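Below: the structure, in structure tokens.
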Ligand code: PLP
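What follows is the structure, given as structure tokens:
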């Protein structure tokens, strides 16, 4: 069934560390051979052996309207004829910035970069430059990309591979990153009091998606906002996952919280390598060449990347009903999964918001990293493979959210629920 993928994986390991260009793709935590993909269309991916999968990764978020979405493919093809890169400004970059500002709340100015990592790294540098302070607070199990400052108690692959301290990150850098449990406002207040006047920024995934999907408790973000106002701390919403996914204005809009700086990635690029950071003009004008906080990129604002993102965001802006459709599909899936999991009789938790959802095999609520990590992840591995065998491609780790795309049909969702029923019987 996976003959060609196995061959490719053997071959890949000779020239690429671990055979992959991003660790979680290697299936190391769930075991087995990573599947090498050949093509994808709509809600389906096809591997090198020709097997078809219903896709719940959506390239880890970006493909919100499904793969090879025709308007995006066409726009890229047309744009490429005018050159794939200039290294000089273009009108399209202004159109992209204006479009983002029209959708994202509290964003007066935006700077385009090429990944979510760059966006978060740049936002933190800006917060440090603006406040003249060194330390940041992040949350256990939250992932903001692979920049040094963030690889302390991080989620996603760092949690999947249980890496406690990342070699190569200096103690000096790590010491400037303070961590607290997600949803524990008192812990954050304590840190802020212990390090009064030293904290440049609090960076948070507003809805956590890198330890499964975990929702914020009522009042948590409001409390962080208040603390930041009182202490002159820059409040950064990392909306790399949630931006343009949970609502046209992302988690800021959905949760009704104003951040000082916001970072974007994934959906903003329509499947091309794009990130962005933006926010209050008062802070953003410290970025070079207006200010002295340096930040740059040879391919930033790349025309092919911009046209892909611009085409997708335009469609999302013009058809806000997409968000309702996506949410209804996710709730349908959640309810169907609930039914079969309940009948199965073993403990489980489903967390869901908008089109983000995940299952933890746990007998306690999953509200932070500790509760996610103490779920039965051995069972998740078995569930993952049982689903894969039945043509459903879930994230290959319990420390990741599933992302629904709007090309999924109710028939696909029914198949997924039925596959779960059969998989649970097999576990
Ligand atoms: N921030 C969040 C919340 C993410 O989920 C990710 C990636 O998964 C990043 C930042 C880093 O983005 P990228 O992988 O594009 O560098």
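In the UniProt record's numbering, the protein residues as written are 1 to 427.
Glycine included, every Cβ here is placed at the ideal spot set by N, Cα and C.
Since the model is a prediction, treat every value here as computed from it, not as a measurement.
First and last residue of the uninterrupted beta strand (DSSP E) at residue i
| i | result |
| --- | --- |
| residue 178 | 177-180 |
| residue 39 | 37-41 |
| residue 386 | That residue, residue 386, is in no beta strand (DSSP E); its alpha helix (DSSP H) goes 377-389. |
| residue 275 | 275-279 |
| residue 287 | No beta strand (DSSP E) contains residue 287, which DSSP labels as neither H nor E. |
| residue 163 | No beta strand (DSSP E) holds residue 163; DSSP gives it neither H nor E. |
| residue 113 | 109-113 |
Boundaries of the alpha helix (DSSP H) in which residue i is found, first to last residue
| i | result |
| --- | --- |
| residue 72 | 70-80 |
| residue 258 | Neither: residue 258 is in no alpha helix (DSSP H) and is coded neither H nor E. |
| residue 323 | 321-344 |
| residue 11 | 3-15 |
| residue 96 | 91-103 |
| residue 121 | 116-131 |
| residue 420 | 410-426 |
| residue 188 | 185-194 |
| residue 369 | 369-373 |
Spatial distance of residue i from residue j (CA atoms)
| i | j | result |
| --- | --- | --- |
| residue 345 | residue 372 | 20 Å |
| residue 191 | residue 183 | 14 Å |
| residue 67 | residue 144 | 25 Å |
| residue 286 | residue 259 | 17 Å |
| residue 21 | residue 415 | 31 Å |
| residue 123 | residue 152 | 17 Å |
| residue 189 | residue 220 | 11 Å |
| residue 89 | residue 4 | 44 Å |
| residue 266 | residue 275 | 7 Å |
| residue 87 | residue 159 | 37 Å |
| residue 420 | residue 340 | 7 Å |
| residue 125 | residue 71 | 36 Å |
| residue 205 | residue 234 | 14 Å |
| residue 252 | residue 104 | 8 Å |
| residue 78 | residue 314 | 17 Å |
| residue 356 | residue 403 | 5 Å |
| residue 97 | residue 261 | 15 Å |
| residue 239 | residue 263 | 5 Å |
| residue 365 | residue 218 | 15 Å |
| residue 463 | residue 106 | Given a span of 1 to 427 for the chain in the structure shown, any question on residue 463 remains unanswerable. |
| residue 368 | residue 379 | 19 Å |
| residue 283 | residue 411 | 48 Å |
| residue 74 | residue 181 | 45 Å |
| residue 173 | residue 277 | 22 Å |
| residue 120 | residue 425 | 42 Å |
| residue 65 | residue 197 | 44 Å |
| residue 430 | residue 47 | No statement about residue 430 is possible, as the shown extent of the chain runs from 1 to 427 and does not include it. |
| residue 325 | residue 332 | 11 Å |
| residue 110 | residue 381 | 40 Å |
| residue 405 | residue 216 | 23 Å |
| residue 212 | residue 423 | 20 Å |
| residue 175 | residue 167 | 14 Å |
| residue 30 | residue 40 | 23 Å |
| residue 45 | residue 334 | 22 Å |
| residue 150 | residue 309 | 26 Å |
Identified DSSP bridge partners for residue i
| i | result |
| --- | --- |
| residue 353 | 356 |
| residue 235 | 202 |
| residue 136 | 177, 201 |
| residue 46 | 39, 52 |
| residue 67 | 42 |
| residue 211 | Beta-bridge pairing links residue 211 to no other residue. |
| residue 403 | 356 |
| residue 348 | Answer by DSSP bridge pairing: none, since residue 348 is not bridged. |
| residue 309 | Residue 309 is not bridged to any residue. |
Pair within 9 Å by beta-carbon distance, residue i and residue j
| i | j | result |
| --- | --- | --- |
| residue 291 | residue 132 | no |
| residue 397 | residue 157 | yes |
| residue 18 | residue 385 | no |
| residue 178 | residue 163 | no |
| residue 413 | residue 336 | yes |
| residue 400 | residue 209 | yes |
| residue 127 | residue 193 | no |
| residue 138 | residue 203 | yes |
| residue 329 | residue 408 | yes |
| residue 227 | residue 255 | no |
| residue 389 | residue 1 | yes |
| residue 439 | residue 307 | The chain is shown only over 1 to 427; residue 439 falls outside these bounds and no answer can be derived. |
Residue i Cβ short of 8 Å to the ligand GDP heavy atom set
| i | result |
| --- | --- |
| residue 143 | The model depicted lacks the ligand GDP and carries the ligand PLP instead. |
Any chain C beta carbon closer than 9 Å to residue i
| i | result |
| --- | --- |
| residue 14 | Included in the structure is just one protein chain, with no chain C present. |
Original post:
Contact between the stretch 45-59 and the stretch 15-33: three or more CB pairs below 8 Å?
Top reply: no
Original post:
Does the pairing of the stretch 100-120 with the stretch 300-316 give three or more beta-carbon distances under 8 Å?
Top reply: yes
Subject >> Contact the stretch 32-45 vs the stretch 241-253: 3+ CB pairs below 8 Å >> reply: Taking 8 Å as the limit for Cβ pairs, the verdict is that the stretch 241-253 does not touch the stretch 32-45.
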